[in-house]
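So for the sequence shown, my numbering puts the first residue at 15; every next one is plus one. Heads up, the beta-carbon is just placed ideally off N, CA and C, and yes, glycines get one too. Some notes on the structure that comes next.
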Amino acid sequence: MENKTTIRIPAGAAAILRVLEDHGYEAFVVGGCVRDSLLGRNPNDWDITTSALPEEVKSLFHKTIDTGLKHGTVTILSHGEAYEVTTYRIDGEYLDGRHPSEVTFTASLEEDLKRRDFTINAMAYSESAGLKDFFGGVTDLEKGLIRAVGDPMKRFGEDALRIMRAVRFAAQLDYDIEPETVQAMKKLAPTLQKVSAERIAAELEKTLVSPRPEKLRMAWECGITAVILPEFDSCMETPQHNPHHRYNVGEHTIQSMMKVRPDKILRLTMLLHDFGKPACWKRDDKEIDHFYGHPAVSAQIADGILRRLKYDNHTRYCVVKLVLEHDRLARLTEPGIRKAMIEIGEDLFPLWLEVKEADALAQSTYRREEKLTYLEDVRRIYSVVMERGDCISLKNLAVTGGDLIEAGVPEGREIGRILGEMLRDVVDVPEHNTKEYLMKKYLPSAANRPESDR
């Protein structure tokens with residue numbers, strides 16, 4: 015069965031394998047590229063493992079980079095691409111919960127594959143030797159199962175991030191996680207405290223933008239979010255006894271992520287948009303739950319979480335702004351839509367529409383058609399405004415700060431104030447966006463001065 019499997023290896027990687035084999039060494043493509051190839055996907059990276067020692071690898075190729083000689087890795091440039099080539103190895107203890115304290119090179123491919131995280135990532139392939147699958151990776155692919163290689167407690171003890179990787183692969187592939195692996199995840203979830211924020215964020219984001227973001231529920235069940243995102247656990251404990259809702263806050267969050275396309279900004283927004291609700295929860299005398307002011311509180315919490323996870327400023331700005339505005343209702347008039355576009359942001363406005371729709375679809379059916387009809391009306395007016403090219407920002411205003419300075423307005427806040435008044439004017443009446451009209455209305459003395467005096 016192993017030798018009948020055929021994988022198309024890219025020319026650069028195939029050339030490296032041939033050189034190593036021609037000099038008496040074993041060499042295979044390994045890991046995720048084998049998994050993805052067996053699933054009919056196009057791998058992003060092609061990693062290579064070999065029995066050759068790093069110095070032996072370097073001696074066989076002209077263009078090499080010492081990527082991580084201590085751990086046996088050399089990068090080789092072949093056919094215009096870079097490939098990481100790593101010597102078969104056995105890892106020592108993982109004292110820092112991420113890196114082995116030492117590695118021992120070995121001549122055994124099986125020993126090398128034994129140290130890898132999951133069976134579906136512990137397969138190797140070469141054209142000459144075929145598929146090497148010592149741990150049932152093919153069977154687990156067929157079953158749709160994420161299973162740790164060997165003892166899951168040991169695998170997760172070596173690198174706690176593997177606990178999140180299990181959830182991420184389950185979300186990306188729509189797989190289940192094998193029960194013993196799940197039990198180990200639950201026991202060792204607290205060790206995620208040792209993992210850096212950047213690595214946590216990367217795995218969380220991959221889960222969120224996957225085809226199955228609802229696998230975040232599994233992270234909650236395993237105690238993962240209690241460590242990396244305790245705010246989500248609070249949402250899972252907050253009810254929403256309200257005609258507009260059918261789920262608690264956490265389940266509504268999950269449903270809303272499922273209703274929006276797999277874009278980083280959108281999925282992060284839907285994850286965080288209601289995180290302020292637990293703090294704003296109130297139940298009235300009719301047993302109805304309310305969350306007054308939750309958008310502002312959610313935005314504040316979102317900002318803190320994204321800072322904690324070391325997100326870049328652009329992502330943080332976009333997500334926090336969308337969270338803050340997610341409950342806004344723009345007036346269904348052209349001036350109302352133009353005003354909303356200015357306040358939300360011209361670039362963010364289309365995303366805001368997607369956020370509003372996902373939020374509505376994740377609620378109860380109560381007044382859903384009304385909500386969706388409202389959004390269609392907003393889109394219709396928005397299309398008219400965009401097609402006509404109405405002025406909705408200072409960059410499209412007929413008057414610039416330079417024009418005001420030339421007209422005698424001193425540099426400083428006054429320029430901003432006047433430009434703001436002009437913009438509000440043309441938002442209400444787009445036809446007013448002419449230099450002649452605006453200068454005459456807001457700077458009548460300057461507009462009447464002779465050209466030679468300006």
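Just to confirm, is the Cβ distance from residue i to residue j under 9 Å?
i: V44; j: M137; result: yes
i: I214; j: L323; result: yes
i: I356; j: I395; result: no
i: G46; j: D61; result: yes
i: T19; j: T63; result: no
i: A293; j: G237; result: no
i: I21; j: Y139; result: yes
i: S470; j: P57; result: Beyond the ends of the chain as shown, which are 15 and 468, falls residue 470; an answer cannot be given.
i: V223; j: P276; result: yes
i: S142; j: L31; result: yes
i: G86; j: K128; result: no
i: L452; j: V441; result: no
i: L457; j: L433; result: no
i: T329; j: I279; result: yes
i: L53; j: L145; result: no
i: I406; j: E360; result: yes
i: P521; j: R393; result: Nothing can be reported for residue 521, as the shown portion of the chain is limited to 15 through 468.
i: P225; j: M271; result: no
i: V274; j: T221; result: no
i: T267; j: D288; result: yes
i: R49; j: N135; result: yes
i: R345; j: I358; result: no
i: R260; j: S378; result: yes
Mind checking who residue i pairs with in its DSSP beta bridge?
i: R297; result: D303
i: S140; result: G144
i: E95; result: S92
i: V43; result: I62, Y139
i: A310; result: DSSP output for A310 lists no bridge partner at all.
i: F119; result: R103
i: T78; result: I90
i: F132; result: A162
Can you give the beta carbon distance from residue i to residue j, rounded, assuming they're within the 8 Å contact cut?
i: Q269; j: A376; result: 4 Å
i: Y306; j: K296; result: 7 Å
i: A184; j: I191; result: 5 Å
i: T252; j: V241; result: With 8 Å as the limit, T252 and V241 do not qualify as a contact, their Cβ atoms being about 19 Å apart.
i: L367; j: L389; result: 6 Å
i: F42; j: L123; result: 7 Å
i: V117; j: I104; result: 7 Å
i: F132; j: L67; result: Going by Cβ atoms, the distance from F132 to L67 rounds to 27 Å, so no, they are not a contact pair.
i: E245; j: I315; result: 6 Å
i: E125; j: Y102; result: 7 Å
i: K72; j: L91; result: Going by Cβ atoms, the distance from K72 to L91 rounds to 12 Å, so no, they are not a contact pair.
i: A421; j: K449; result: Not quite, the Cβ-Cβ distance comes to about 11 Å (not below 8 Å), so this is no contact.
What do you reckon, is the C-beta of residue i under 8 Å from a heavy atom of the ligand NAD?
i: P257; result: Only the bare structure without any ligand can be found here, which leaves the ligand NAD out of the picture.
Could you confirm whether any beta carbon from chain C is found closer than 9 Å to the beta carbon of residue i?
i: M400; result: Of the chains in the structure shown, none is chain C; there is only one protein chain.
Margin query: If contact is defined by three or more beta carbon pairs under 8 Å, each pair taking one atom from either stretch, is the region 267-287 in contact with the region 337-352?
Written below: yes
Next item on the list: May I have a chain-ordered list of the alpha helix (DSSP H) segments no shorter than 4 residues that lie completely inside the region 201-279?
Entry: 211-222, 230-235, 239-242, 244-250, 263-272
Check: Is the number of C-beta pairs between the region 190-203 and the region 232-250 that are closer than 8 Å three or more?
Finding: yes
Note to self: Assess contact between the region 297-316 and the region 253-265, defined as three or more Cβ pairs (one per stretch) separated by less than 8 Å. Is contact present?
What the structure shows: Put simply, the region 297-316 touches the region 253-265. At least three CB pairs are less than 8 Å apart.
Check: Per the contact definition of three or more C-beta pairs closer than 8 Å, is the region 145-154 in contact with the region 88-95?
Finding: no
Next item on the list: Evaluate contact between the region 371-385 and the region 408-416, counting only Cβ atoms and requiring at least three cross-stretch pairs below 8 Å.
Entry: no
Check: Mind pulling the alpha helix (DSSP H) runs of 4 or more residues that sit fully within the region 143-192?
Finding: 151-157, 166-172, 175-187
Check: Whole beta strand (DSSP E) runs in the region 414-441 with 3 or more residues, listed along the chain?
Finding: none
Checklist line | Minimum length 3: unbroken beta strand (DSSP E) runs contained in the region 315-342 | finding: Within the region 315-342, there are no complete beta strand (DSSP E) runs of at least 3 residues.
Checklist line | Runs of alpha helix (DSSP H) lying entirely within the region 341-395, each at least 4 residues, in chain order | finding: 348-358, 363-375
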